[in-house]
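Presented below is the structure to which this report refers.
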Amino acid sequence: MVIAAAAVAACVAMVIAVVVVSRPTSPPPRPVDSRQLRDAITTEALAAHLDALQRVADTHDGNRAAGTAGYDASLDYVEARLQGAGYRTERQRFSYQRPDFTRASLGRTAPSAAAYTVLRDFRPLDFSGAGSVTAVVTAVDLALDGDRATTSGCEASDFTGFPRGTIALVQRGTCSFAQKVDHAVAAGARAVVILNQGNEQGRLGLFAGTLGRQADVPVVATTFDLGREWSTPGTTLELAVESTVATITSESLIADTGGAPDHTVVVGAHLDGVAEGPGINDNGSGVAAVLETAVQFAALGVQPHNRVRFAFWGAEEDGLYGSRHYVAQLDEAARRSTALYLNLDMVGSPKPVASVYGGGNLGSGWPSGSGAVQTVLTDFLTAQGVTPGTTTFRSSDHASFLDAGIAAGGLFTGADDGADPCYHQACDRAATIDREMLGLMADAAADATLTFAQTP
Ligand SMILES: [Zn+2]
Numbered sequence: 496m497v498i499a500a501a502a503v504a505a506c507v508a509m510v511i512a513v514v515v516v517s518r519p520t521s522p523p524p525r526p527v528d529s530r531q532l533r534d535a536i537t538t539e540a541l542a543a544h545l546d547a548l549q550r551v552a553d554t555h556d557g558n559r560a561a562g563t564a565g566y567d568a569s570l571d572y573v574e575a576r577l578q579g580a581g582y583r584t585e586r587q588r589f590s591y592q593r594p595d596f597t598r599a600s601l602g603r604t605a606p607s608a609a610a611y612t613v614l615r616d617f618r619p620l621d622f623s624g625a626g627s628v629t630a631v632v633t634a635v636d637l638a639l640d641g642d643r644a645t646t647s648g649c650e651a652s653d654f655t656g657f658p659r660g661t662i663a664l665v666q667r668g669t670c671s672f673a674q675k676v677d678h679a680v681a682a683g684a685r686a687v688v689i690l691n692q693g694n695e696q697g698r699l700g701l702f703a704g705t706l707g708r709q710a711d712v713p714v715v716a717t718t719f720d721l722g723r724e725w726s727t728p729g730t731t732l733e734l735a736v737e738s739t740v741a742t743i744t745s746e747s748l749i750a751d752t753g754g755a756p757d758h759t760v761v762v763g764a765h766l767d768g769v770a771e772g773p774g775i776n777d778n779g780s781g782v783a784a785v786l787e788t789a790v791q792f793a794a795l796g797v798q799p800h801n802r803v804r805f806a807f808w809g810a811e812e813d814g815l816y817g818s819r820h821y822v823a824q825l826d827e828a829a830r831r832s833t834a835l836y837l838n839l840d841m842v843g844s845p846k847p848v849a850s851v852y853g854g855g856n857l858g859s860g861w862p863s864g865s866g867a868v869q870t871v872l873t874d875f876l877t878a879q880g881v882t883p884g885t886t887t888f889r890s891s892d893h894a895s896f897l898d899a900g901i902a903a904g905g906l907f908t909g910a911d912d913g914a915d916p917c918y919h920q921a922c923d924r925a926a927t928i929d930r931e932m933l934g935l936m937a938d939a940a941a942d943a944t945l946t947f948a949q950t951p
């Protein structure tokens with residue numbers, strides 16, 4: 496799961512989709528008997544995939560991040576399992592720019608000296624420029640009191656009279672970080688500091704964000720309180736950022752069953768993890784469920800009416816790059832032939848909350864058909880005695896399909912909302928996975944996959 500870099504694109508897609516949802520959707524698919532398939536998907540087999548990915552991480556610097564040997568070994572593992580089950584696999588190669596910073600420091604020299612800590616008090620935005628700047632701070636159209644509804648930096652006119660060569664202090668809100676920085680640089684700012692908006696509890700502390708493309712000057716984020724402090728006239732800051740942008744080349748893996756290609760059911764999970772840990776709940780759990788469903792589909796000789804495409808995405812954590820690449824390279828006919836996408840991301844959380852993507856919820860703005868996926872998953876879990884919650888988060892690979900107007904749904908058991916205390920950390924290991932919940936989620940995914948595969 497990642498920060499929502501593509502928020503703007505998603506909003507546009509949303510507007511279009513709302514119109515679609517109001518039309519009557521197709522009747523829900525006929526239920527199928529998925530017991531044989533579910534019985535074949537054992538907790539032991541799922542655990543074996545988790546343990547294998549754990550071993551991969553343990554023997555590759557503790558992680559399976561995109562662009563690393565750990566990721567490549569994960570790909571080899573999944574590919575070997577699929578080919579062993581009789582699938583012809585296809586690797587899809589893609590490249591992207593990954594920003595990073597190697598060093599950053601920030602201090603105040605006036606009105607009094609102070610030193611600040613990176614990743615606690617401030618952090619460079621993704622694609623921040625590199626450089627060292629010591630200069631006076633110029634506050635730009637800040638709204639520090641009242642409801643703090645701000646358009647700071649969103650208009651070029653905000654910089655009328657802006658003293659060139661100073662550091663622009665702008666406030667988060669209303670327009671993109673990149674727009675604010677573009678206006679500041681055009682006005683002669685040597686660096687940009689963006690304070691959090693401060694208009695609600697979740698927008699007070701330090702935040703991460705991206706500019707989406709390389710900036711010419713250092714750009715850092717800070718908390719609302721520190722930003723307010725630095726808005727004091729005469730404040731002088733000393734800022735240094737060493738940043739890099741690496742070109743990462745990685746691969747996703749897909750494998751198809753037989754069946755009609757003009758109604759392809761895509762079932763996927765991202766295979767990469769973050770650099771901080773082995774990424775077993777995020778997202779070895781989703782990989783294990785999709786992989787074992789594929790293996791047992793073949794082992795049982797299931798003859799699907801509709802083609803099923805099992806997909807293992809690369810570089811989800813860096814920005815959904817694998818699934819975005821997959822959708823982007825679909826031509827119009829292939830896009831129309833994609834009936835739906837089923838996503839599994841984090842389905843074995845230690846303190847799990849079983850959830851289904853709420854695409855059918857009125858106002859969700861998800862493409863028509865998403866409701867049918869929600870219904871099938873919800874009905875299955877309810878029949879197992881588990882009443883799932885719903886979630887409409889878009890920070891995983893299903894967003895790539897939703898943004899293309901393709902119906903989607905999925906399963907989730909919780910992340911940094913208390914359900915997974917090891918989210919994006921070194922302790923996200925095989926031992927912390929709730930294997931019973933993973934088993935149930937895998938069954939739900941298998942049941943839905945078979946249901947949509949057999950629906951004419
Ligand atoms: Zn994830």
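Heads up, the sequence shown is in the working numbering, so the first residue is 496 and it goes up one at a time. Every residue gets a Cβ at the ideal spot worked out from N, C-alpha and C, and that includes glycine.
query	result
Sort GLU737, GLY779 and ALA903 by Cα distance to VAL964 and report the nearest one.	Here the chain has residues from 496 to 951 only, and residue 964 is not among them.
So is VAL906 buried or exposed if we call it buried at 16+ other beta carbons inside 10 Å?	Going by the sequence as given, residue 906 is Leu instead of Val. So LEU906 counts as buried.
Determine, using beta-carbon pairs with one atom in the stretch 672–680 and one in the stretch 704–713, whether at least three such pairs fall under 8 angstroms.	yes
Answer yes or no: the CB of SER569 versus the heavy atoms of ligand 3, is any distance below 7 angstroms?	With respect to small molecules bound, the structure shown includes ligand 1 and not ligand 3.
For the alpha helix (DSSP H) holding ASP595, just list the boundary residues, first then last.	Counting along the chain, ASP595 falls outside any alpha helix (DSSP H), though it belongs to the beta strand (DSSP E) covering 584–605.
What span of residues does the beta strand (DSSP E) with LEU732 cover, start to end?	731–751
Sort ALA543, ARG698, PHE622 and ARG588 by Cα distance to GLY817 and report the nearest one.	ARG588
Can you name the residues that DSSP bridges to ASP621?	THR705
Can you tell me which of the three DSSP states TYR611 falls into?	strand
Using CA atoms only, rank isn't needed, just tell me which of PRO594, ALA561 and ARG559 is closest to SER738.	PRO594
On a CA-only basis, which of ASP757, ARG598 and LEU839 is nearest ALA894? Give me that one, please.	LEU839
Could you check whether the stretch 621–629 touches the stretch 722–741, counting it as contact only if at least three pairs of C-beta atoms, one from each stretch, sit closer than 8 angstroms?	yes
Quick check on ASP757: does DSSP put it in helix, strand or coil?	strand
Could you check whether the Cβ of ASP528 sits closer than 7 angstroms to any heavy atom belonging to ligand 1?	no
Beta carbon of ALA634, beta carbon of GLY729: below 8 angstroms?	no
Candidates HIS765, SER726 and THR833: which alpha carbon is nearest TYR566's?	HIS765
For the alpha helix (DSSP H) holding THR669, just list the boundary residues, first then last.	Note, THR669: premise wrong, no alpha helix (DSSP H); not H, not E.
List the residues that DSSP assigns as beta-bridge partners of ALA630.	LEU732
Applying the criterion that 16 or more other CB atoms from any shown protein chain within 10 Å of the CB defines a buried residue, is GLU539 buried or exposed?	exposed
Assign GLY581 to one of three DSSP states: helix, strand, or coil.	coil
Give me the Cα-Cα distance between THR742 and THR646, rounded to the nearest whole angstrom.	34 angstroms
If you run the structure through DSSP and keep just helix, strand and coil, what is PHE805?	strand
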